[in-house]
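J.:
Protein chains: 2
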Amino acid sequence: MRVFSKNQLQRYPIYLKFFKELQAEGTENISSPKIARALGYSEEQIRKDLQAVSDSAGRPKKGRSVDKLIDNIESFLGYRGKTEAFLLGTGHLGAALLNYPGFQEMGLSITEGFDADIGKIGKTVGSKSVLDIRDLPTEMAKRHCRIVVLTVPASVAQKVADFAIGCGALGIWNFTPAHINVPDGVVIENVNLASSLAVLNHRLNEKMAKRH
Amino acid sequence: MRVFSKNQLQRYPIYLKFFKELQAEGTENISSPKIARALGYSEEQIRKDLQAVSDSAGRPKKGRSVDKLIDNIESFLGYRGKTEAFLLGTGHLGAALLNYPGFQEMGLSITEGFDADIGKIGKTVGSKSVLDIRDLPTEMAKRHCRIVVLTVPASVAQKVADFAIGCGALGIWNFTPAHINVPDGVVIENVNLASSLAVLNHRLNEKMAKRH
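Keeping their order, the protein sequence lines are chains A and B. With my numbering applied, the first sequence corresponds to residues 2 to 213, in that order. With my numbering applied, the second sequence corresponds to residues 2 to 213, in that order.
1. Along the chain, where does the alpha helix (DSSP H) that runs through Arg118/B open and close?
2. Against chain E, with Cβ distances strictly below 8 Å, would Ser197/A count as a contact?
3. Figure out for me which residue from Ile111/B, Asp118/B and Gly127/B has the closest Cα to the Cα of Arg144/B.
4. Starting from Glu190/A, follow the beta strand (DSSP E) in both directions and report where the run begins and ends.
5. Which whole runs of the alpha helix (DSSP H) in the segment 145-208 of chain B are 4 residues long or more, in chain order?
6. If we define contact as Cβ-Cβ less than 8 Å, is His145/A a contact residue for chain B?
7. Does the distance from the C-beta atom of Glu113/B to that of Lys129/B stay below 8 Å?
8. Could you compute how far the alpha carbon of Gly186/A sits from the alpha carbon of Ile74/A?
9. Quick test of the definition: if touching needs 3 or more C-beta pairs under 8 Å, does the segment 189-200 of chain A touch the segment 14-24 of chain B?
10. Skipping 5 residues on each side, what residues in its chain have a beta carbon closer than 8 Å to that of Phe20/A?
11. Go ahead and pull the three-state DSSP assignment for Phe87/A.
12. Am I right that Ile134/A and Ala86/A are in contact with their C-beta atoms under 8 Å? What's the rounded C-beta distance?
13. DSSP on Glu29/B, reduced to helix/strand/coil?
14. Are the C-beta of Glu44/B and some C-beta of chain A separated by less than 8 Å?
15. Going along chain B in order, which residues have a C-beta closer than 9 Å to the C-beta of Gln52/A?
16. So who's on the other strand from Lys215/B, going by DSSP bridges?
17. Count the other C-beta atoms from every protein chain shown that fall within 10 angstroms of the C-beta of Thr28/A, then say buried if there are 16 or more, exposed otherwise.
What follows is the structure, encoded as structure tokens:
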């Protein structure tokens, strides 16, 4: 099995977005140098990335077919299939993600939210139902769901993650700022807004310091 | 000026979270080996990271003061100050971020939302007002705001980013899947949910393949 680095995997949705823009404009072929200029990656990296998910090379003069590139990347990313996920914790961020239409395009369907708050259980958030977190074991078994989106308060994040893993979760998409320990065989992917903001703030301060 | 890598900057909020948990438990001192075991970084990396933001070294036997570590990191990350930001695009994700209480702790105050939708302008989302995007130039000048949170549809993301930069924005926190080009002197930080999901899905498929 080919090994993909995290950075490389993160680039495919960005390529896809760009190729879809080209497709919408009616562009049929694209060369690596042009992709390099638009996205700021090196030509070598682009060739390597695209070759890794496609069955044919581009032609030196014409470049690669935009339609085929889109097809290759969408297949690779699983956008053509449908993966179901449950969301745990229907607070501000959880409610937004539960109803975020963009996930459908990525082949992800967050079908239900779960919460421990009796005031939320049995209600709906947008178009999605909120179930009792205590029903997670039966629901996960019934639906063969393997991915949970974690949006509970940070203070209970590890406890809820452990519970979900006990129910059979193999992938945890962690939106809490908590550091979560998972056993071997379980995948955790963190979206850490605090870490992202730390980078933005620091880079901004560097720029400001240079101006003065 | 000391140079911090992106990965290093991203680790500070994770350290901070861990040290705050220790503080809440009443732990007064912590050694690098213990931090290493809890967070899964190497001891050398931890020592380097903490030394970069503190004025004193830990004592070999006792370790470092948890209170002092929290103080050092919070100062470094700017959590003690208050940075104001505007949010552009008050759709599902935008509305959630506009009212996300976690940002206050990070020293970020998203004061208002802006939108082009006449049905939203003049209304409130949670506790925040939605202003007309056409008023961005005057509001940015008046409030000396330098950071915008970008949550508009991907199709208009570049256009709105260009407009905000023209109004004086120096930092763009991009939550859209669009690739945004910015001039020198402007900082862009991307929170790309599609890229994060791509990593989760791929790692999960790898694990599943190993099981079979």
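Beta carbons: idealized from backbone N, C-alpha and C, even for Gly.
T.: A quick look at the data gives this:
1. The amino acid occupying residue 118/B in the given sequence is Asp; Arg does not appear at that position. Where Asp118/B is concerned, there is no enclosing alpha helix (DSSP H), given that its DSSP letter is neither H nor E.
2. Among the chains of the structure shown, chain E does not appear; the protein chains present are A and B.
3. When only C-alpha atoms are compared, the closest one is Ile111/B.
4. Counting along the chain, the beta strand (DSSP E) containing Glu190/A begins and ends at Val188 to Asn191.
5. The qualifying runs are 158-167.
6. So no, His145/A is outside the interface.
7. Contact: yes.
8. Straight through space, the alpha carbons of Ile74/A and Gly186/A are spaced by roughly 26 Å.
9. Remark: three or more beta-carbon pairs, one from each stretch, lie closer than 8 Å, so the segment 189-200 of chain A and the segment 14-24 of chain B are flagged as touching.
10. Sequence-distant partners of Phe20/A (beyond 5 residues in either direction) whose C-beta falls short of 8 Å from its own C-beta, in its chain, are Ile31, Val67, Leu70, Ile71 and Ile74.
11. Phe87/A carries a strand assignment under DSSP once its states are collapsed to helix, strand and coil.
12. Not quite, the Cβ-Cβ distance comes to about 15 Å (not below 8 Å), so this is no contact.
13. In the three-state scheme derived from DSSP, where H, G and I count as helix and E and B as strand, Glu29/B is classed as coil.
14. No, Glu44/B does not count as interfacial toward chain A.
15. Within chain B, no residue has its beta carbon less than 9 Å from that of Gln52/A; the closest one is some 17 Å off.
16. This structure does not reach residue 215/B, given that chain B is present from 2 up to 213, and the question cannot be answered.
17. Exposed, by the Cβ-count rule.
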